[in-house]
Each structure stands twice: as C-alpha cells, then as structure tokens.
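For the sequence shown, counting from 1, position 26 maps to 26 in UniProt numbering; every step adds exactly one.
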Amino acid sequence: MDAQTQVDISKLNDADKNELSQMLANEQQKATMQQTVHSLSDICWKKCIAGKISSGRLEQNEETCAQNCVERWMDSNLAILKHLEALRG
C-alpha cells in the first residue's frame with residue numbers, strides 16, 4: 001500500500017471506515033473458508049481415493065468414505081466451536 005492510498009483511507013468518514021472494515025473482514029472470512037475447503041478436500045482425497053479414476057466417477061466405497069470424512073470433520077468442527085463458545089460463556 002503506498003502513501004497516497006493511506007492518505008485516502010485516513011480521509012474516510014466513520015461510516016465508510018466501518019464499511020471498509022466489514023468488507024475486509026468478509027473477504028478474510030471467504031479466504032479462510034476457501035483454505036478450509038481446500039485442506040479438507042486434500043485430507044479426504046488422500047484418505048479415501050485409492051487409485052485412478054478411470055470411469056469418470058469415484059468407486060462407491062471411495063464416495064462413501066469421502067462423504068463420511070467430510071461429515072465427521074464437520075461434526076468435529078461444530079463440537080469444537082460449541083465447546084469454545086461455552087468456554088467464553
């Protein structure tokens with residue numbers, strides 16, 4: 001970020017600063033979600049997909065494994081979030 005951009009930001013009114021802050025928070029949340037999806041895909045792929053996909057589809061056992069992998073991750077994540085929320089109390 002150059003000095004000119006910083007000067008422009010400093011001239012924003014409070015409403016615009018709040019809007020910019022919210023937009024940046026939203027973009028950060030989207031980036032975090034994309035990284036989570038990428039990591040989850042990688043983990044479940046390595047765990048469940050054994051060989052080549054020659055038919056253009058996953059084998060039934062691979063599909064079931066991948067679905068269970070994602071569901072267990074989501075269950076675990078939800079349990080952790082609930083626990084952290086309870087700790088904040």
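Ideal placement from N, C-alpha and C gives every residue a C-beta, glycine not left out.
*Distance, Cα to Cα, M33 vs S54?*
30 Å
*Determine the contact status of A66 and L58, defining contact as a CB-CB distance below 8 Å.*
yes
*In angstroms, rounded to a whole number, what distance separates the CA positions of N77 and A86?*
14 Å
*Determine the contact status of K47 and C69, defining contact as a CB-CB distance below 8 Å.*
yes
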